[in-house]
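A.B. asks: A single structure is presented below for examination.
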Amino acid sequence: MKKKYIVRLTETERNELTNLIHKGKVAAQKRLHAEVLLKADVSEHGERWRDKKISEAFGVSTRTVERIRERLVEQGLEAALNKAKPSRVKSKTIDGENEAHLIALTCSEAPEGRSRWTLRLLSSKMVELGYVESVSYETIRQTLKKTS
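In the numbering used here, each residue carries its 1-based index in the sequence shown increased by 112.
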């Protein structure tokens, strides 16, 4: 299978990576990525190792080597050396307005037959009143803990 992302390092990039590897205090993951890039380099001064050989030498999967090469080609050297940022965006179930409703509900009288509100009762009441479509009692717990 032909590689889609080919690593061709310039002389300055090679020097930067070499210096990074030989520097005293560098994060292990950053050093590993630098070594992988140096081995995968196909320029005239590069070592031209295959992904399989790189993965065996450094104890990583071939997919990891592919991802490092891909980030170098698409996003540049800094992105290839550092950890990738999470791509998913997690929306909050309870925003500021719903948090105010939850606190007001918590401070109100407990339902008939109960001495106090439970987390499960609060979550079901929030859904019943239409403040949220669905919410777990754990989200209720974390929100109340945050506001104390």
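For glycine and all other residues, C-beta sits at the position ideal for the given N, C-alpha and C. Computed from a prediction, not measured in an experiment: that's the story for all the values here.
#1: Which same chain residues end up closer than 8 Å to THR327 when comparing Cβ atoms and leaving out the 5 residues on each side of it in sequence?
#2: Tell whether a beta-carbon distance below 8 Å holds between LEU149 and GLU159.
#3: Going by Cα to Cα distance, which pick from VAL154, ARG162, GLN141, ARG253 is closest to ARG126?
#4: Around the Cβ of VAL201, are there at least 16 other Cβ atoms within 10 angstroms (buried) or fewer (exposed)?
#5: Helix or strand or just coil, what does DSSP make of GLY136?
#6: Under a Cβ-count criterion, where at least 16 other Cβ atoms within 10 Å of its own Cβ denotes burial, should ASP163 be classed as buried or exposed?
#7: Would you give the residue range spanned by the alpha helix (DSSP H) that LEU217 belongs to?
#8: Report buried or exposed for HIS157, applying the criterion of at least 16 other Cβ atoms within 10 angstroms of its Cβ.
C.D. replies: Looking at the atomic coordinates:
#1: In the structure displayed, the chain extends from 113 to 260; residue 327 sits before or after that span and is not available.
#2: no
#3: VAL154
#4: exposed
#5: coil
#6: buried
#7: 208 to 219
#8: exposed
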